Every structure is written in C-alpha cells, then in structure tokens.
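Numbering (UniProt numbering), first residue to last: 1 to 138. Backbone N, C-alpha and C define an ideal beta-carbon position, used for all residues, glycine too. These numbers come from a predicted model, not from an experiment. To start, the structure itself, in structure tokens.
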C-alpha cells in the first residue's frame, strides 16, 4: 500500500506540472480553446463569481482581459477513497503572479480538481482568487 501511495503521489506531481503548463498556455495565449480542459458540467468560482458548465466558463473566461500568468508554486495530491473509487482524481494547487492588460501584477491562487477521462485530464472544479493584501492598521 505504501509503495502504491508513493507512486500515486509521484504521478500526481508529474501530471500537475504538465497540466499547469497547458492550462496557463491556453489561458494566456489560446483562451478560445480553454473549454476543452473542462468537463461539461464543471464549476468555476472566479474571485467569488460562480459559473457552471464548460460553455458558460468559456464565455466568462473569454470576456476577461488578456493575461500573463507566472506560476511560482505548485502542489498536487491524489484524491484517494471510496468517493472516487477507481476514477483517477487529483487536487492541484497553483500560486503565482498574474498581470491583466495595463493593470499592475497581482498574486493569485488557483485550485483545481481534475479527473482522468480516457487519456485526458478534465477540470471538475476550478477556484481562482486574486490575492489582495490587507493593510496592517496597528
């Protein structure tokens, strides 16, 4: 069991690396194709705005200003348990910096739940949040 878990963790890390490269390439350079990465009934929560369904997600993301993402941190964990049975599912957490058009660069965090459908990884859930710094008033 311990070797099996280690193998799943290693696979999750390799998969997350490939996944994030493709996702942010689509987000920054080929956003018109990004819906290919989502399941039909996927959910996106973008800075508190919820969108369901890959077509609605495509429209929402296409309407955003052009972006440049710089990934700084990446973590991935396999989801293991009876809830996912034999379906290979990963939790992928990304952190970095994003710049939208003429705006200042900001930090962001993004969390994906992805699952294997055949030989492709599809996004089940996507939660994106731009990080705003809280001023210390003391």
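### Query
How do the segment 83 to 98 and the segment 43 to 53 stand: do at least 3 beta-carbon pairs fall below 8 angstroms, yes or no?
no
### Message
Whole angstroms are fine: how far does the CA of residue 81 sit from the CA of residue 2?
### Response
15 angstroms
### Query
Taking all protein chains shown into account, do 16 or more other C-beta atoms lie within 10 angstroms of the C-beta of residue 94, making it buried, or fewer, making it exposed?
buried
### Query
CB residue 121 to CB residue 43, shorter than 9 angstroms?
no
### Message
Measuring only the C-alpha atoms, how far is residue 38 from residue 55?
### Response
9 angstroms
### Task
Could you name each continuous alpha helix (DSSP H) segment of 4 residues or more that falls completely within the segment 25 to 72, going from the start of the chain to the end?
54 to 62
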